Amino acid sequence: MSPIYLEAAVVVLGVFLLALEMFVVQGEKKILAWLGIAGLGIVLAASFFVDQTAPTGAVPSYHAFYSTDSLAMFFKRFALVTTIIVLVMSVDYLGVVRKFTPGATAHGGLGEFLALPVLTCAGLMWMASAVDFVMIFVSLELVTISFYVLVSYTRRNAASLEAGVKYLILGALSTGFFVYGITWVFGLTGQTNLEQVSAVFAAYQGSTAPLLFAFVLLVIALGFKIAAVPFQIWVPDVYQGAPTPVAAFLSVGSKAAGFVVFIRVLRTFFHATAIAHKIDLLLVAVAACTLVYGNLAALPQNNLKRLLAYSSIAHAGYLLIAVASSADPASGGAIAFYLAAYLPMTLLSFLVMIVVANYSAGDDIADFNGLSKRSPFLAFAMLIAMVSLAGLPFTAGFFGKFLVFTVAIAQHQTLLVILGIITVACGFYYYLRVVKAMYFEPDTTPSGQPGGQIPVGLLTRVTIAVLIAAILVLGIYPKPALGLLGSAAPQEAAGVLRSVSPQVVLR
Amino acid sequence: MPPLLFWTFAALMLIFGISVIAQPNPVSSALSLVVSFIALAVLFVSLDAFFIGIIQILVYAGAVMVLFLFIIMLLDLRSGQRKKAHAVTVAGGILIALIFVAELGQVLHAFPEGNRTAPALGAPVQDVQSVGHVLFTSYNLPFQIVAVLILVATIGVVVLSKKELD
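In the order they appear, the protein sequences are chains A and B. Be aware that the first sequence starts at 1, since it is given in the numbering used here, and climbs by one per residue. Be aware that the second sequence starts at 508, since it is given in the numbering used here, and climbs by one per residue.
Structure (structure tokens):
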């Protein structure tokens, strides 16, 4: 069975959920989320049994657009896991959604909130496989357009609407840059398939100016997706205004898919050896700006959602260190492991935030004051997430950063390593502020019932436990995961970026 | 196509393109955009791309812009309601646009292949037929994804434009 059926199954699942909502499920909509989770779980399991080998003989027409390499499979599974956890979050968040959406009945207007992430997941999976600019563009647009809707979903909330408009306008602008970049690539090469573009680039003799121009246009658009500085202006406002599960989805799913496309486009452009040195310089500059801006701007934040938005920018910076050190064969593995660590810790902090915010009706850091007394379990989960985001040892975040710095040192990226270490220290301050609020501040919640337990649903409880376990296992005993990544994801990613032009190492 | 006609329509397209953002009245902006689209369609036709030219007029100038006009009139936007833009913002915007144009000029200057004249097409191209053929054979997968995209967009429109019931 070809992996192409995985996306088809996800789309069918999304449409099935929509139809079910319309014709069958009249009352409680949570059943839709559970069906969605079950369906995506089955697809995830099936993804381990698909036949990855390229078809021989008569090549199906989709093969020029759709890669089945291990990089694609890794990010497909990544998208599936992310969407499953986002659906778990959505169940807890339905009350807030209901409050801020118009609807005639008590459960009106909720079904689409659970079905749209499933369709978005199909887009993310297609992005992971896209090896043709046409395919990249349509799958990217599928993801972006569903995020426009999801971000502004709670439209009675002015902040959500504002976030939606900002995301729409800036997203449309970045799409414009992307299409213009594709136009230049097509004009230069007459091809849209990345492999064929690479072949033309490798033999390219003319002026480098148009090549660089096309590259910069594409970097602007993809930088917007991965929230790299200076294309990050939208991030804090959109994260804060968007429904919390959507913010989590944006910061994990959309970012990871952006990175896989970025990696593929970068690999294509490295074939043009004449500009490789300049690409390296640009990557170092963007990575340095992203690191410094994300970490410094996070310092004064008092709202946890905004804090996580800046943290998402900062983590894009660490990932970009690995991208900038892509001459190292281990950089692909480092990127994959970093993202695999980033998934549980970010989703865990968003999940705990949803549960706590449901109870105390706010997502400022002050709302977490004394959480350890109100709910030791949630406080412990948040502690693990924050410690891992900060990168303390025995957590997944530590090994992610460790691998990134290892490849950066091997590639003599002195500037980025120094900046990275300084900004990690900044990170301790703002992540541990949340821990301080939970464990050392008196319980000052305005809800009138301090000391009361925060109710946590069974599904949420299990998910939190699994995420904690994932962070600790990846942090204490990462070897099996690294081995798994070594054989599964990064074989392809191992030389991810620079397999073909090893001579262009930035020294 | 004689160069004179090309320059005429290219200039028309640009002038009305500027007019879209310069007009204070949204209805005039929308109508300027229609003229700009029609001039662009003429350029497509002059390149023997009849199908894209016709679609440009039918879909963009026809359907999309008429819908735009409807919405503008339904919303009853008045020209006087616009907030005055800050001078620094305007200057910054113009500066960025100028930098971009300068960059583009440099790139085009360094790109002699851009001046190459493509050989004329031998036989007339069956462009509707070839577009349809390519769309349903080699570009089948992206075409299917566009279908999902349109589904998502439709759901989004319904969700976001649903009437307040209370």
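Note that beta-carbon positions come from the ideal geometry of N, C-alpha and C, so glycine has one too. Please read these numbers as outputs of a predicted model, since none were measured by experiment.
Check, Outcome
"Whole-angstrom Cβ separation of Leu389(A) and Tyr431(A), contact assumed at under 8 Å?", "5 Å"
"Nearest by alpha-carbon distance to Arg156(A): which of Lys670(B), Ser543(B), Met572(B) and Leu658(B) is it?", "Lys670(B)"
"Tell me which residue opens and which closes the alpha helix (DSSP H) that Ala297(A) is part of.", "Thr273 to Ala298"
"Using a Cβ cut-off of 9 Å, pull out every chain B residue sitting near Ser61(A), in sequence order please.", "Thr644, Ser645, Tyr646, Asn647 and Leu648"
"DSSP beta-bridge partners for Asn303(A)?", "Asp364(A)"
"Just grab the DSSP bridge partners of Tyr66(A) for me.", "Ala130(A)"
"For Phe607(B), decide whether its Cβ has a neighbour in chain A, counting only Cβ atoms nearer than 8 Å.", "no"
"In chain order, what residues of the segment 95-126 of chain A put their CB closer than 9 Å to some CB of chain B?", "Thr101, Pro102, Gly103, Ala104, Gly108, Gly109, Glu112, Phe113, Ala115, Leu116, Leu119, Thr120, Ala122, Gly123 and Trp126"
"With distance defined between alpha-carbon atoms, name the residue in Val424(A), Ala115(A), Ala470(A) and Arg98(A) nearest to His107(A).", "Arg98(A)"
"Using a Cβ cut-off of 9 Å, pull out every chain A residue sitting near Lys591(B), in sequence order please.", "Going along chain A, no residue has its Cβ under 9 Å from Lys591(B), so there is no contact; the nearest lies around 20 Å."
"From Glu141(A), Thr144(A) and Val134(A), pick the residue whose C-alpha is nearest to that of Asn647(B); which is it?", "Val134(A)"
"Thinking C-beta only, is Lys225(A) closer than 8 Å to Ser207(A)?", "no"
"Taking just the CA atoms, how far does Leu71(A) sit from Leu419(A)?", "29 Å"
"Look at the alpha carbon of Ala248(A) and the alpha carbon of Lys479(A), and state the distance between them as a whole number of angstroms.", "28 Å"
"Excluding the 5 residues flanking Lys373(A) on each side, which residues of the same chain have their C-beta closer than 6 Å to its C-beta?", "Asp443"
"Exposed or buried, Glu21(A), counting other C-beta atoms within 10 Å across all chains shown (16 or more means buried)?", "buried"
"Check each candidate in Ala410(A), Ala481(A), Ala79(A) and Leu142(A) and name the one with the smallest Cα separation from Val653(B).", "Leu142(A)"
"Can you look up Asn532(B) in the DSSP assignment and give me helix, strand or coil?", "coil"
"Touching or not, the segment 391-403 of chain A and the segment 262-274 of chain A, by the rule of three or more beta carbon pairs under 8 Å?", "no"
"Pick helix, strand or coil for Asn622(B), following the three-state DSSP scheme.", "helix"
"Against chain A, does Ile579(B) count as a neighbour if the rule is that its beta carbon must be under 8 Å from one of theirs?", "no"
"Quick check: what's the CA-CA separation for Asn369(A) versus Pro393(A)?", "25 Å"
"Against chain A, with Cβ distances strictly below 8 Å, would Gly663(B) count as a contact?", "yes"
"Roughly how many angstroms lie between the CA atoms of Leu416(A) and Phe405(A), to the nearest whole one?", "9 Å"
"Comparing alpha-carbon positions, which option in Gln26(A), Trp184(A), Ala336(A) and Glu195(A) lies nearest Phe259(A)?", "Ala336(A)"
"I'd like to know whether the C-beta atoms of Tyr93(A) and Pro245(A) end up nearer to each other than 8 Å.", "yes"
"Could you check how far apart the C-beta atoms of Ala298(A) and Leu307(A) are, in whole angstroms? I think they sit under 8 Å.", "6 Å"
"Rounded to whole angstroms, what's the CA-CA distance from Pro619(B) to Phe513(B)? Just pull it up for me.", "21 Å"
"Give me the residue from Phe607(B), Val552(B) and Phe523(B) with the minimum Cα distance to Pro509(B).", "Val552(B)"
"CA-CA distance, Met73(A) and Leu124(A)?", "12 Å"
"Could you give the residue range of the alpha helix (DSSP H) that holds Gln563(B)?", "That residue, Gln563(B), is in no alpha helix (DSSP H); it is neither H nor E in DSSP."
"Quick one: what does DSSP say Asn369(A) is sitting in, helix, strand or coil?", "coil"
"At 9 Å on the CB atoms, spell out the chain A contacts of Ala570(B), in chain order.", "By Cβ distance, chain A contributes nothing, its closest Cβ being about 19 Å from Ala570(B), past 9 Å."
"Taking C-beta to C-beta, are Val284(A) and Ser331(A) nearer than 8 Å?", "no"
"Answer yes or no: do Tyr293(A) and Val229(A) have a C-beta to C-beta separation smaller than 8 Å?", "yes"
"With DSSP as the reference, label Asn157(A) as helix, strand or coil.", "coil"
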